[in-house]
Every structure is written in C-alpha cells, then in structure tokens.
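**Student:** Here my numbering is used: the first residue of the sequence shown is 1, the next is one more, and so on.
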Amino acid sequence: MTTSADRRPRARRDLLASLAVVVVVVACVVAGGLLLDPAQIRPNAGPPLSPPGLGHLFGTDHLGRDMFTRTAHGLALSLAIGMLTAAISTVISAVLGICAALFGRWVDGLVSWVIDLSIGIPHLIFMILLAFVVGGGVPGIVLGIALTHWMSLALLVRADVRQIRSAEFMLVSRGLGRSPLFIAWRHVTPLILPQLLVGFVLMFPHVILHEAALTFLGFGFSPQTPAIGILLSEGMPHISSGMWWLAVFPGLTLLLVVLAIARLGDRVRTVLDPATSHG
1 MTTSADRRPR ARRDLLASLA VVVVVVACVV AGGLLLDPAQ IRPNAGPPLS
51 PPGLGHLFGT DHLGRDMFTR TAHGLALSLA IGMLTAAIST VISAVLGICA
101 ALFGRWVDGL VSWVIDLSIG IPHLIFMILL AFVVGGGVPG IVLGIALTHW
151 MSLALLVRAD VRQIRSAEFM LVSRGLGRSP LFIAWRHVTP LILPQLLVGF
201 VLMFPHVILH EAALTFLGFG FSPQTPAIGI LLSEGMPHIS SGMWWLAVFP
251 GLTLLLVVLA IARLGDRVRT VLDPATSHG
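#1: My output table needs one value for Thr-225: the three-state DSSP class, helix, strand or coil.
#2: For Met-203, does the count of other Cβ atoms within 10 angstroms reach 16, so buried, or fall short, so exposed?
#3: Any beta-carbon of chain B closer than 8 Å to the one on Arg-174?
#4: Going by other Cβ atoms of all chains shown within 10 Å of its Cβ, with 16 needed for buried, is Met-236 buried or exposed?
#5: Taking the straight line between their C-alpha atoms, what separation do you get for Gly-74 and Ile-228?
#6: With a Cβ-Cβ cutoff of 8 Å, do Ile-121 and Val-207 count as a contact?
#7: Could you name the residues that DSSP lists as bridge partners for Asp-66?
#8: Counting only runs that start and end within the segment 95-123, where is the alpha helix (DSSP H) found for 4 or more residues in a row?
#9: If you reduce the DSSP assignment to three classes, tell me which class Gly-46 lands in.
#10: What are the start and end residues of the alpha helix (DSSP H) that includes Asp-160?
#11: In the DSSP assignment, the alpha helix (DSSP H) including Leu-254 goes from what residue to what residue?
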C-alpha cells in the first residue's frame, strides 16, 4: 500500500517535470514573439492562403501573413494578459477573503453578498458586460476577466483564515492590542501564500481561454492585433473551404499551452495542498 510519504517524492518529480515543460513552452512562445521577423505579419509577406510548408510552417492567411509568426505573437500576448489578470484576481481574492474573516460580521456579510451576487451572474455575460463598459482593448479584457475570477479563491481564503484566527498566536497578538490590519499582514498573509500560489496557477489557464473567447467574440483587441481570438475568428469561416490551417494551428497551440499550465497547477496543488488534491 502506497503511503503519503511514498507519494511525496513522486509528486515533487511530477511537479518538476510539469514545470520544465511549461518553462520550455513559455520560453519558445516568448522567443518566437521576440525573435521572429515582424515583417512576416504584415500583408503580402507571402502568397495568400498558402498551405503549411517549409516556407510557412502554419501556412499564410488571406492577406499573405505568416500564420506561425502571428500565432507566436498571439500566444505571447495571451500569456502576458493571463499573468496580469490572474495576479489581479489573486490579490482581490486575498484581500476580500482576509477582510471577510478578520474584520467583523458586517464585512463578512457584505463580502459574502458580493460573492453570491457575482457567482449568480452568468460568467461569460458578466465578462462581456464589464469589457463593454470599459471599452474593450487591454483594459476591458483585464478588468472583465479579473473581476469575474476571484470569487472561488476568495471563499477558500476566507475559510482558511477563519481556521487560522482561532490559533493561539492569533489570540496572543489580539491580546497585545495588534490591529486587524497588522495581524492580516504579519500573521495571516504568510500562512495563506501556498493557497494563493495554487489558486494563481490554476486560474492562469482559465483566464487565457477567456481572453481568447472575449477576443473571438469581438470584445477584445482590434482586428489588426495578432491575438489568438482574432486568428480563430478569422480562420473559422475558411474551414469549410478546406483552409483548415487558419484555425486549427492557432487553436491547437493555445490548447497545448493551456493544458501544460493546467497540469502544472495540479502538480503544485498536490505538493503544496495535498489535503485538497486527488493525487
């Protein structure tokens, strides 16, 4: 029978393997976005609608733009947006979860009401509404996604802090007259950092997919931006004409990146929070 002590080294090896895969994938995406010739994403860089080949690995679109270069730039943009958005959502979750657990019943009730209200609104509609109100573009995408992905992690943080607040060192700190803000920063935040890290990594692939979805629906970047959602929206009408590479390659590369990051998130959760993992 395999014990938890026996599984721990294997979990760490799986984590290192998943981390290595993600590092290689992200490095390739970033290097491609920085090193590939920007002239390849300009109109008439090659023959229009050329199929995949040695000259153009992912083929070209209807304007002769190299799809491999456009896909690399789009993935680099998606990773940057995903990193920023997941970080903002994680900070919101930490602040509201800690405040709900430490700052009294009134604050707890208010945060719980906001969470229930936000969860009750259909996810995609909420994102589209926020992106539309802000005006689209990078601010619309970042705020639209960041303000709709913090609720589940906030509930986990709130539950963890409610357990921590009854610890002896917390009682001693309150007995010494420490303020809730001091307790939250000096005592609570270091203890919930593993939970926040797990939440951030698990949230990352979701926000990347939702960024592509918003852009695909026309609420994100301008059509001139080589974003994955733009590439998919441009390529989908051409699939029935036999030009499958316009949508398949961008979608497949996005899926592979998301799956690699999602697997890394599962391995991080297994190592840092084995009680809630299924590993």
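Think of the CB as a built atom: it goes at the ideal place given N, C-alpha and C, for glycine as much as any other residue.
**Tutor:** By the coordinates alone:
#1: Looking up residue 225 in the sequence shown gives position 225. Coil.
#2: Here the question's residue 203 lines up with position 203 in the sequence shown. Buried, by the Cβ-count rule.
#3: Among the protein chains of the structure shown there is no chain B, as only one such chain exists.
#4: Locating residue 236 in the sequence shown gives position 236, where the first residue counts as 1. Looking at its Cβ environment, which holds fewer than 16 other Cβ atoms inside 10 Å, Met-236 is exposed.
#5: Here the question's residue 74 lines up with position 74 in the sequence shown. Here the question's residue 228 lines up with position 228 in the sequence shown. Spanning the two alpha carbons is a distance of roughly 5 Å.
#6: Position 121 of the sequence shown holds residue 121. Position 207 of the sequence shown holds residue 207. Taking C-beta atoms as the reference points, Ile-121 and Val-207 fail to come closer than 8 Å.
#7: One-based indexing of the sequence shown puts residue 66 at position 66. DSSP output for Asp-66 lists Thr-60 as bridge partner(s).
#8: Here the runs fully enclosed are 105-120.
#9: For the purposes of this step, residue 46 is identified with residue 46 of the sequence shown, where counting begins at 1. Here DSSP, grouped into helix, strand and coil, assigns Gly-46 to coil.
#10: Position 160 of the sequence shown, counted from the first residue, corresponds to residue 160. Counting along the chain, the unbroken alpha helix (DSSP H) around Asp-160 starts and ends at 151-164.
#11: Within the sequence shown, the letter at position 254 stands for residue 254. Its alpha helix (DSSP H) spans residues 245-272.
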